[in-house]
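2 protein chains.
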Amino acid sequence: MSELLDKVNSPADIQRLSVPQLTELAGEIRNFILNSVSKTGGHLASNLGVVELTLALHCVFNFKSDKLLWDVGHQCYTHKIITGRKDKFANLRHVGGISGFPNPAESEYDQFAVGHAGTAIATAIGMALGNYHQNQDDKIVAVVGDASIVNGTSFEALNNLGLIKRQLLIVLNDNSMAIDATVGAMAKYFSRVRLSQTYEDLRKTTNNILEHMPVIGKSVEEALERIKRSIRMVLPASQMFESLHIPYFGPVDGHDIGSLIQLFEALAELNHPAILHVYTKKGKGFQPADKGPTKFHSTGPFKINGETVETTSSPGKRTFTKSFGEYLTALAEKDKRIIALTSAMCDGTGLMHFREKFAERFYDVGIAEGAAVDVAAGLARDGLRPFVCIYSTFLQRSFDQIFQEVALQNLPVVFCIDRAGFVGPDGPTHHGLMDIGFMRMMPNMVLTAPANDIEMKLALEFALGHEGPVVIRYPKDFVPPDSFIKATNKRPYKLGTSVTVKRSKNSRIVIVGYGSILTEAIKAAEILAREKIPVDVINGRFAAPVDPKILSPLKQGKSIITVEDHNVACGFGSAVIEMAAAKNYPLGHIRLLGAPKTFVGHDSRDAQLLQTGINADRIAIAAKEMLAKKTRK
Amino acid sequence: MSELLDKVNSPADIQRLSVPQLTELAGEIRNFILNSVSKTGGHLASNLGVVELTLALHCVFNFKSDKLLWDVGHQCYTHKIITGRKDKFANLRHVGGISGFPNPAESEYDQFAVGHAGTAIATAIGMALGNYHQNQDDKIVAVVGDASIVNGTSFEALNNLGLIKRQLLIVLNDNSMAIDATVGAMAKYFSRVRLSQTYEDLRKTTNNILEHMPVIGKSVEEALERIKRSIRMVLPASQMFESLHIPYFGPVDGHDIGSLIQLFEALAELNHPAILHVYTKKGKGFQPADKGPTKFHSTGPFKINGETVETTSSPGKRTFTKSFGEYLTALAEKDKRIIALTSAMCDGTGLMHFREKFAERFYDVGIAEGAAVDVAAGLARDGLRPFVCIYSTFLQRSFDQIFQEVALQNLPVVFCIDRAGFVGPDGPTHHGLMDIGFMRMMPNMVLTAPANDIEMKLALEFALGHEGPVVIRYPKDFVPPDSFIKATNKRPYKLGTSVTVKRSKNSRIVIVGYGSILTEAIKAAEILAREKIPVDVINGRFAAPVDPKILSPLKQGKSIITVEDHNVACGFGSAVIEMAAAKNYPLGHIRLLGAPKTFVGHDSRDAQLLQTGINADRIAIAAKEMLAKKTRK
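If you read the protein sequences in the order shown, they are chains A and B.
The opening position of the first sequence corresponds to residue 0 in numbering that gives the first Met the number 0, with each subsequent residue numbered one higher.
The opening position of the second sequence corresponds to residue 0 in numbering that gives the first Met the number 0, with each subsequent residue numbered one higher.
Next up, the structure:
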């Protein structure tokens with residue numbers, strides 16, 4: 000079934016193949032991806048969409064010296080398969096295996112470790128300028144999806160494409176889908192163009208481009224003129240890019256390998272930047288993914304039974320995401336001021352149910368985190384209660400908007416930060432390890448982190464009642480079982496107050512957990528109790544303002560361990576010791592557990608917590624170390 | 000000379016005036032602004048450009064209920080003058096006086112306190128949605144410059160304008176200038192349109208719009224069709240916006256009050272979003288500003304002698320900005336890999352000389368901080384040495400790009416952060432008080448801050464030699480006199496090492512300064528020495544990695560005071576106590592001085608340092624307090 004693929008170990012091996020063989024190989028690669036991902040989980044639909052495109056690129060360019068930049072990067076599986084990493088797919092996104100994103104540490108064929116959208120065109124400009132300054136003439140190709148190209152950074156880069164006076168090819172991979180259906184004016188524009196095209200039109204366009212390719216050595220101005228005069232391709236699609244002075248070609252069929260090869264060969268010879276617009280189908284060749292690309296954007300392992308698919312993940316277990324979505328929807332029933340906003344992550348942030356129920360009060364602005372926050376600020380200024388639902392790592396994109404439009408104005412915007420902390424298989428581009436730090440620096444900002452299902456409800460209620468900005472952070476994880484919910488967890492949130500969840504007689508150590516990691520702290524206390532070491536456990540609840548009471552055990556000679564699923568640098572524990580310094584406490588007896596100052600690779604979330612010392616066993620060990628030191632003194 | 004202006008105390012007063020009177024008033028306002036700014040300093044050229052535009056807006060709309068949003072905001076002087084704040088211009092940007100930016104705390108006519116570009120359209124969308132949800136029909140107007148509209152956030156907002164099914168007017172104020180000349184494809188596009196227009200064309204366009212204004216109650220689709228069919232206005236300018244499905248009108252003359260009033264009256268009645276493109280002249284009516292708008296973008300006090308102008312600031316004193324610009328240029332002569340990048344701030348970041356000398360190695364990407372960092376990442380990936388020169392507050396816009404494209408790849412990009420710390424009269428939107436925090440959370444990132452002129456050179460040399468990303472931060476201030484340069488300041492920078500600049504016999508306190516504030520620490524030591532209180536002074540040099548030696552005085556029973564021109568939260572001192580916690584030091588004896596968790600208003604920089612306790616006198620007081628506490632124990 001994979002006769003051709005078996006012999007492919009490097010791009011040189013595919014450059015020898017004929018177009019019919021490449022088409023066959025594309026089928027084999029689709030099967031390979033499908034089988035691999037069904038076992039390991041991973042990004043499926045997007046990868047099935049770009050098989051032919053990737054093969055054609057590698058047939059024409061030599062990406063050892065030429066540079067291939069993937070925007071977002073989760074669509075790089077075919078690229079990895081044919082650049083010597085086929086055998087490593089059994090461990091895709093698992094420890095010791097390869098990453099689900101491009102990674103220069105894995106291969107010289109990868110330029111940047113990326114996972115966030117909108118960056119490829121700007122980095123491509125940088126690399127093209129680098130080549131220019133060093134008199135190199137490597138070709139540069141950036142593959143950008145129609146959902147990424149609307150990101151602000153993409154636009155800023157397109158606006159600066161004029162800096163480049165040499166070849167730079169942008170392949171606009173248009174599948175009319177972001178992770179969810181693409182939204183916004185540009186998406187509508189692309190879909191109008193798409194609807195006006197028949198398959199025959201695409202073929203004609205391809206032939207037109209090939210026949211009338213601008214002559215080598217001509218400037219952008221001449222190229223644009225020539226394109227306008229001689230090629231009767233569909234003008235509407237070019238209008239947008241033409242006004243930005245970017246030569247535009249297309250749209251063409253992104254699954255026709257033969258044509259793509261011819262087009263890339265011709266476009267590689269241009270001495271100015273250009274865009275090739277290709278149509279692909281997300282999930283192509285696998286009916287369930289083709290029909291449900293959102294579901295199969297990023298998937299856990301699944302089983303294929305003929306035409307149907309069974310996901311093998313545990314659907315019964317409740318996640319923080321689900322808990323958030325349900326409670327927010329319930330709150331919104333009572334309070335009409337609540338508006339939910341997201342950036343192309345309706346499903347991922349648990350808002351599907353909210354959207355169904357309150358379609359009018361739900362806004363998805365696309366991959367545009369900066370705009371999402373500013374829209375929320377406008378809503379709040381008008382008296383509404385926007386809840387901005389964005390992953391921690393992507394919210395980094397709106398740091399400045401959060402500062403200026405929200406914190407400085409002291410507006411009641413609620414930031415619901417999903418994927419806060421370690422995220423498991425997506426790895427370092429996706430961990431949310433900086434949100435406490437960048438948020439707590441801002442005056443007016445209140446930071447909370449619910450430890451469990453009940454606290455999610457309480458945190459949301461608190462946030463709704465607070466007349467200023469509030470952050471609620473929670474991980475990509477299941478909520479802890481009810482047995483970990485203590486009576487004090489059920490107390491309503493009160494600004495800047497912690498709650499004690501376990502008090503032990505003769506304790507000499509207090510473990511303060513912030514957010515869901517509290518469960519690990521409670522488990523650690525149980526481990527220690529079995530070893531006859533009494534400890535107290537406090538649920539920190541607020542990272543800004545921090546409860547001064549957290550420090551009072553120091554007066555009784557106790558030591559404190561803070562635990563958080565966040566960088567130690569600038570995190571919750573850091574806020575605690577800042578307060579201790581301000582209050583002149585003897586801080587030698589506070590230890591901070593959290594993520595270290597290194598990038599933590601893809602792995603299971605549990606393994607990442609273990610590795611960085613913030614699971615129950617490691618917390619217990621840290622407590623014992625601390626006691627030992629005290630005893631020595 | 001200001002007969003009309005004397006009687007204007009609110010917008011109602013101008014609504015009574017005839018067009019000729021308004022034109023006269025515009026002249027009086029120009030004189031008023033000119034005189035005011037010549038005494039107080041402030042933003043001049045941009046404010047002289049929008050006098051008529053502002054008057055026309057206030058004649059048509061009622062901005063007590065209607066909403067006026069200024070992008071960037073430094074062009075709001077006329078708006079402030081006619082909304083009851085005329086008398087407060089004597090103290091413009093000084094303590095107790097009004098801010099140079101819109102500020103809701105000053106007036107109900109101001110919606111957002113803003114100073115960063117690109118945010119008005121998105122916040123306008125939010126406010127329009129807010130009105131929609133609350134069944135209000137206030138009109139909403141966003142005034143956006145041609146330099147701001149290319150910012151990524153503006154584009155993300157334009158892409159989402161389709162969310163709005165009601166009136167929302169964007170006035171595109173096109174003066175073909177950012178702070179510096181606008182760069183990029185969009186700017187070229189606007190200038191092509193501009194060049195193709197005569198004054199007569201602008202008049203015709205105005206008449207065309209007025210005659211053919213789309214009928215009230217029509218949808219965007221119908222409006223667009225109607226505009227296309229019936230109005231023969233210049234199509235090229237509309238192309239860009241049309242492809243985004245935004246009804247576009249213009250370009251028209253932004254100094255013709257009568258026409259503007261008619262246009263706003265007509266456009267106010269639309270029930271869908273629209274753009275009106277107006278041409279204005281930055282610095283209009285004041286020849287020196289008209290000819291040198293970059294110089295008069297933001298100016299200190301100056302004297303007008305007939306046609307010539309004398310700036311009264313002290314040109315002889317050397318600033319950190321100038322020091323940086325000179326040393327970087329000198330380094331670039333020796334090392335051809337050096338490339339300088341900025342975001343529309345060539346002058347402000349001290350790169351004028353570099354640009355003159357190495358035009359080919361200088362890139363200005365416009366107000367596009369995200370793209371600037373990604374372009375730098377691409378350059379660094381190719382083996383070059385990019386120096387990214389952006390103000391601290393604006394660099395917040397590229398937090399995520401710094402994380403993903405630079406820190407995660409460990410690329411040798413150097414971030415030259417000007418305006419780090421308190422900035423004086425620009426106030427809270429412009430203070431750079433978070434860069435240490437957001438930068439030091441990232442693995443691989445090295446943070447330095449030169450304390451004086453010589454250290455600027457050393458820090459740049461260190462950064463060039465370091466194989467990874469480096470931050471160099473410095474304030475908007477003069478470099479300290481040579482008398483504050485100690486012998487140890489001349490030692491080359493070595494990763495993660497501090498230098499002791501003053502050692503005193505029997506000292507019980509060590510003051511650790513980070514960056515230029517070291518001079519205040521040295522002065523504090525001198526004050527204390529006069530009072531027979533011996534202290535040591537350390538120059539921290541690195542906030543990441545922090546020198547562990549800084550903590551060793553604790554072992555000798557000494558106390559430490561850290562001083563920084565940055566938020567205490569997540570700052571240099573915070574990094575010091577994190578290290579102390581990790582090393583189990585008794586931290587009760589460390590006190591952190593820096594900015595508090597409140598927004599500090601506009602004032603002189605010296606006053607801001609005093610107010611927040613980080614000038615010499617206050618540091619000395621803090622040291623004495625600390626000693627007193629120790630003695631009590």
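The beta-carbon is built from N, C-alpha and C at its ideal position, and this holds for glycine as well.
None of these values were measured; they are calculated from a predicted model.
Whole-angstrom distance between residue j and residue i, CA atom to CA atom
{"i": "B:Gln-261", "j": "B:Ala-89", "result": "34 Å"}
{"i": "A:Met-351", "j": "A:Phe-295", "result": "16 Å"}
{"i": "A:Asn-207", "j": "B:Lys-66", "result": "50 Å"}
{"i": "A:Ala-123", "j": "B:Ile-245", "result": "30 Å"}
{"i": "B:Gln-403", "j": "A:Gly-431", "result": "12 Å"}
{"i": "B:Met-441", "j": "B:Ile-576", "result": "18 Å"}
{"i": "A:Val-138", "j": "B:Glu-519", "result": "Correcting the residue type first, residue 138 of chain A is Lys in the shown sequence and not Val. If you take the alpha carbons of A:Lys-138 and B:Glu-519, they lie about 53 Å apart."}
{"i": "B:Ala-146", "j": "B:Ala-581", "result": "47 Å"}
{"i": "B:Leu-259", "j": "A:Arg-354", "result": "42 Å"}
{"i": "B:Ile-148", "j": "B:Ile-120", "result": "9 Å"}
{"i": "B:Gln-166", "j": "B:Gly-369", "result": "31 Å"}
{"i": "A:Val-7", "j": "A:Val-18", "result": "15 Å"}
{"i": "B:Leu-47", "j": "B:Arg-540", "result": "43 Å"}
{"i": "A:Gly-514", "j": "A:Gly-426", "result": "21 Å"}
{"i": "A:Asn-34", "j": "A:Gly-365", "result": "31 Å"}
{"i": "A:Ser-558", "j": "A:Pro-491", "result": "27 Å"}
Exposure of residue i, with buried meaning 16 or more beta-carbon neighbours within 10 Å
{"i": "A:Asp-86", "result": "exposed"}
{"i": "A:Val-413", "result": "buried"}
{"i": "B:Ala-542", "result": "buried"}
{"i": "A:Tyr-247", "result": "buried"}
{"i": "B:Leu-128", "result": "buried"}
{"i": "B:Thr-561", "result": "buried"}
{"i": "A:Gln-395", "result": "buried"}
{"i": "B:Pro-474", "result": "buried"}
{"i": "A:Arg-439", "result": "buried"}
{"i": "B:Val-94", "result": "exposed"}
Three-state class that DSSP yields for residue i in the structure shown
{"i": "A:Val-412", "result": "coil"}
{"i": "A:Lys-456", "result": "helix"}
{"i": "A:Ser-558", "result": "strand"}
{"i": "A:Leu-3", "result": "helix"}
{"i": "B:Ser-342", "result": "coil"}
{"i": "A:Ile-613", "result": "coil"}
{"i": "A:Ile-618", "result": "helix"}
Cutoff 8 Å; reference residue i; Cβ partners in own chain excluding five residues on either side
{"i": "B:Ser-37", "result": "Pro-300, Phe-301, Lys-302 and Ile-303"}
{"i": "B:Ala-621", "result": "Ile-560, Arg-590, Leu-592 and Gly-612"}
{"i": "B:Lys-501", "result": "Lys-485, Ile-521, Ala-524, Val-534, Asp-535 and Val-536"}
Cutoff 6 Å; reference residue i; Cβ partners in own chain excluding five residues on either side
{"i": "A:Phe-477", "result": "Lys-316 and Thr-318"}
{"i": "B:Ala-594", "result": "Leu-432, Asn-566 and Thr-611"}
{"i": "A:Ser-397", "result": "Glu-368, Gly-369 and Val-372"}
Same chain, Cβ closer than 7 Å to residue i, five either side skipped, listed in chain order
{"i": "B:Leu-410", "result": "Ala-376, Ala-379, Arg-380 and Pro-468"}
| request: Give, in chain order, every unbroken run of the beta strand (DSSP E) that is at least 3 residues long and sits entirely within the region 457 to 545 of chain B. | output: 469 to 472, 498 to 501, 508 to 513, 534 to 538 and 541 to 543
| message | If we require 3 or more residues per run, which beta strand (DSSP E) segments fall completely within the region 367 to 430 of chain A? | response | 384 to 390 and 413 to 417
| According to a CB-to-CB cut-off of less than 7 Å, which residues of the region 422 to 455 of chain B neighbour chain E? | Reference to chain E is not applicable here, since the protein chains of this structure are A and B.
| message | In chain order, what are the residue ranges of uninterrupted alpha helix (DSSP H) at least 4 long that sit wholly in the region 218 to 290 of chain A? | response | 219 to 229, 234 to 242, 256 to 266 and 286 to 290
| query | Taking the runs of the alpha helix (DSSP H) that are 4 residues or longer, which of them lie wholly in the region 124 to 169 of chain A? | reply | Here the runs fully enclosed are 151 to 158.
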